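One structure below.
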Amino acid sequence: MNTFAIIGLFLAVIVLAVGAYRGLGALASTLLASLVVILTNGISIWQGFSEFYMNGYVGAYAGYFLLLCCSSMYANFMSESGSATSIAYQFIDWFGRARVLLVCYAITVVLTYGGISLFVVIYALAPIAYTLFKEANLPRHLIVAATAAGSSTITMTSLPGTPALTNVIPTEFLGTTLTAAPIFGIVASIAFIVMTLFYFNYSEKKVRANNECWVNPEGFDIEKNEIQDRSMLPSPIKAFLPIIILLSIIVAGSRFGLNSTMLATGAMLAGTVVVCVLNLDKFKGKNIKKIISSGLEGGIGAIGGFAGVVAFGAVVSNSQAFASIVDWVLSLKMNPYTQGVVATSVVSAITGSSSGGLRIMFSAFTDSFLASGANLDLLHRLVSISAGALDTLPHSPGIFLTLAVLGLTHKNAYKHIFVTTVVIPTIITVVSLAVLVIFF
Numbered sequence: 001m002n003t004f005a006i007i008g009l010f011l012a013v014i015v016l017a018v019g020a021y022r023g024l025g026a027l028a029s030t031l032l033a034s035l036v037v038i039l040t041n042g043i044s045i046w047q048g049f050s051e052f053y054m055n056g057y058v059g060a061y062a063g064y065f066l067l068l069c070c071s072s073m074y075a076n077f078m079s080e081s082g083s084a085t086s087i088a089y090q091f092i093d094w095f096g097r098a099r100v101l102l103v104c105y106a107i108t109v110v111l112t113y114g115g116i117s118l119f120v121v122i123y124a125l126a127p128i129a130y131t132l133f134k135e136a137n138l139p140r141h142l143i144v145a146a147t148a149a150g151s152s153t154i155t156m157t158s159l160p161g162t163p164a165l166t167n168v169i170p171t172e173f174l175g176t177t178l179t180a181a182p183i184f185g186i187v188a189s190i191a192f193i194v195m196t197l198f199y200f201n202y203s204e205k206k207v208r209a210n211n212e213c214w215v216n217p218e219g220f221d222i223e224k225n226e227i228q229d230r231s232m233l234p235s236p237i238k239a240f241l242p243i244i245i246l247l248s249i250i251v252a253g254s255r256f257g258l259n260s261t262m263l264a265t266g267a268m269l270a271g272t273v274v275v276c277v278l279n280l281d282k283f284k285g286k287n288i289k290k291i292i293s294s295g296l297e298g299g300i301g302a303i304g305g306f307a308g309v310v311a312f313g314a315v316v317s318n319s320q321a322f323a324s325i326v327d328w329v330l331s332l333k334m335n336p337y338t339q340g341v342v343a344t345s346v347v348s349a350i351t352g353s354s355s356g357g358l359r360i361m362f363s364a365f366t367d368s369f370l371a372s373g374a375n376l377d378l379l380h381r382l383v384s385i386s387a388g389a390l391d392t393l394p395h396s397p398g399i400f401l402t403l404a405v406l407g408l409t410h411k412n413a414y415k416h417i418f419v420t421t422v423v424i425p426t427i428i429t430v431v432s433l434a435v436l437v438i439f440f
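For the sequence shown, position 390 matches number 390 in the UniProt record's numbering, and the numbering has no gaps at all.
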C-alpha cells in the first residue's frame, strides 16, 4: 500500500473541507482536491484533468441532466404556485404551533419525498419556521435538526420509491427498482423516525434548560415574510395532489421494471404539468418563461455541484490510493453486504456526497456484487442507507449552503446535523447489516 498516496487522498479531503468552508463552490474545491490527488499519486496532470476529471464530469451531466433539471423546474412551480407553502401551513394545522420541530420535520419529509430539493424547501420553510420558533422562543439553530433529518435520511435513502439520486443510482448498477426491498425500507424508516423524534425531545429540553431563546436573523423581517392571507394559497388538496401523482407514477412504473432515471424524470414532468393545470389562477400575471428558465437553471446549478463531486471521484478512482483501498476491501473476504457498507461508507466520507460516493463505489464493486449471489434488492436498500451516514461530515458542500441560507454556522448548528444524519444513520446501518448477515 502506497502510504504517500493514501496521505494525499486524505489531504484532498481536507482541501475539500477548507474549500467548502471558504465558499469556493464545488467546482473550484474539487479541482483543487483533484490536483492534490494527482500530484501525490503519480498521475499526469493533463491526463488527470482532461481525461479522468472531465470524463467523470461529463458522465454525470449525461446521466442526470434531464432528471435534475426537471426536478428543479417542478420544485420551482411548486414554490411559485404557493403549493409548498400551503403544505407547510397544513402541517401546522394538523400538529399545532407548539410542536415546532415536528412540524418542520414533517414538512421537510413530505416535500423532499415528493421530489422537491432541500434548498427549495429551505427557502419555502424558512419564513414559517422563523415565525414558529419565535413563538415557541426556541433558538434558530434547532431548525437545522428538523431540516437535516427530514431531507437527508428517510426521503433520501430508506423510503421505497423516493426519487432521490441516492435511491436512483443503485438501480442503474444492480438492475433493481426504486421500490427495492420495501419492507426493509419501511422498517428502517420507522427506526429513523423514532430515534429522530427522541433527539428532538432531548434537544428541546436541553436548550430550554440552558435558557437558550430565539434571536432574530440579521436582516430578516419576520412579519414581512409571513403569509398574511392564507386564502391566497392553493387548497391543501391542490397542493398535495401533484406529489401524490408523482409518487404514484414512480410506484406503478417500478412494478413494470421501467428505467428508474427515466421514470423519475417523467414523474417530475407529470408533477409539473399537474401543478400548472391545478393552479392556472395562481400563475396569472406571472412570467411563466422566467419560472421555467429559473427552474432549469437551478437544475444546471445542482448538477454542476454533483458533477464536480463525481469528477473528483473519477480522479480518486484512478489513483493508486483508491486501488489500494479497493484491494484492501476485497482482501478482507467479507460477505457482499458488509463489503457494500464498508466501501460505500469510505467513499461517501471522502467525497462528502452520498450520490457521488455511491456512483464511485458501484463503478468499482458492481461485478463483485453481481457475482456474489446476494439479494440485490436488500443490497440496494442497505448501501443507500449507509451512503447517507458519512456523507454529511463537516466538509460536505450541501451543509455549507443550508447553514448559509438559515444564517447559521458549523459552530452553533453542526451538532444537530451530526446526530440526525451521521449518528442515527450509522446506528441503523450497523443494525441492518447485522440482521442481513445473520439471516440472509
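Note that the Cβ used here is the ideal one computed from N, Cα and C, for glycine as well. Source: prediction; values computed, not measured.
Please name the residue, chosen from the options, that lies closest to residue i on a Cα-to-Cα basis.
i       : options                            : result
Leu-66  : Met-361, Gly-299, Thr-153          : Gly-299
Val-274 : Thr-155, Val-437, Lys-238          : Lys-238
Ala-126 : His-141, Asn-279, Ser-29, Tyr-414  : His-141
Glu-348 : Thr-265, Tyr-57, Gly-388           : The question names Glu, but residue 348 in the sequence shown is Ser. Per the Cα distances, Gly-388.
Phe-52  : Thr-265, Val-110, Lys-289, Thr-30  : Thr-30
Leu-111 : Tyr-89, Gly-285, Val-329, Asn-287  : Tyr-89
Thr-155 : Pro-139, Ala-270, Phe-192          : Phe-192
Gly-96  : Thr-171, Phe-283, Ala-136, Met-334 : Ala-136
Ala-434 : Thr-409, Leu-378, Thr-402          : Leu-378
Leu-258 : Val-277, Ile-360, Thr-171, Pro-236 : Thr-171
Leu-118 : Ala-270, Ser-152, Ser-83           : Ser-152
Val-329 : Phe-198, Trp-214, Met-361          : Met-361
For residue i, which residues from the same chain have a beta carbon less than 7 Å from its beta carbon, with the 5 sequence-adjacent residues on both sides left out?
i       : result
Asn-41  : Ala-5, Gly-8, Ser-319, Gln-320, Ala-321
Ala-20  : Ser-29, His-395, Pro-397, Phe-400
Thr-429 : Val-341, Ile-385, Ser-386, Ala-389
Ile-250 : Gly-161, Pro-163, Leu-178, Leu-263, Ala-264, Ala-267
Val-437 : Asn-335, Tyr-337, Thr-338
Ser-331 : none
For residue i, which residues from the same chain have a beta carbon less than 6 Å from its beta carbon, with the 5 sequence-adjacent residues on both sides left out?
i           : result
Ser-376     : One point to set straight first is that residue 376 is Leu, not Ser, in the sequence displayed. Correct list, in chain order: Leu-174, Thr-176.
Ser-158     : Gly-185, Ala-188, Ser-189, Ile-385
Ile-350     : Val-13
residue 442 : Nothing in the structure corresponds to residue 442, since the chain is present only between 1 and 440.
Alpha carbon to alpha carbon, how far is residue j from residue i? Give it in angstroms, no decimals.
i       : j       : result
Thr-166 : Ile-107 : 20 Å
Leu-280 : Tyr-130 : 30 Å
Gly-304 : Phe-77  : 21 Å
Trp-46  : Gly-63  : 24 Å
Val-15  : Ala-33  : 6 Å
Gly-353 : Ala-404 : Note that residue 353 corresponds to Ser in the displayed sequence, not to Gly. One C-alpha to the other measures close to 18 Å.
Ser-368 : Pro-336 : 8 Å
Asn-211 : Ala-413 : 17 Å
Phe-240 : Ser-44  : 53 Å
Gly-295 : Ser-72  : 5 Å
Gly-59  : Ser-363 : 12 Å
Val-18  : Ile-424 : 26 Å
Glu-204 : Asp-391 : 26 Å
Asn-2   : Ile-325 : 10 Å
Ala-314 : Leu-11  : 17 Å
Ala-323 : Phe-440 : 29 Å
Asn-287 : Ile-38  : 47 Å
What is the C-beta distance between residue i and residue j, in whole angstroms, given that I count them as a contact (C-beta under 8 Å)?
i       : j       : result
Leu-358 : Ile-169 : 5 Å
Leu-246 : Met-262 : Wrong, their Cβ atoms sit about 14 Å apart, outside the cutoff.
Pro-234 : Ser-81  : 6 Å
Ala-164 : Tyr-105 : In fact, because the Cβ distance is near 17 Å, the residues do not count as touching under 8 Å.
His-416 : Val-36  : Contact doesn't hold; Cβ gap of about 31 Å is too wide.
Going by the beta-carbon positions, is the gap between residue i and residue j smaller than 7 Å?
i       : j       : result
Val-100 : Leu-132 : yes
Thr-421 : Ala-148 : yes
Ala-264 : Tyr-61  : no
Ala-311 : Gly-25  : no
Gly-114 : Ile-243 : yes
Gly-407 : Pro-217 : yes
His-410 : Ala-180 : no
Val-309 : Gly-356 : yes
Tyr-74  : Thr-196 : no
Val-194 : Pro-139 : no
Gly-150 : Val-215 : no
Suppose the cutoff is 8 Å on Cβ atoms and the five residues either side in sequence are ignored; what does the same chain contact list for residue i look like?
i       : result
Ile-92  : Val-103, Ile-128, Leu-132
Thr-366 : Phe-173, Leu-174
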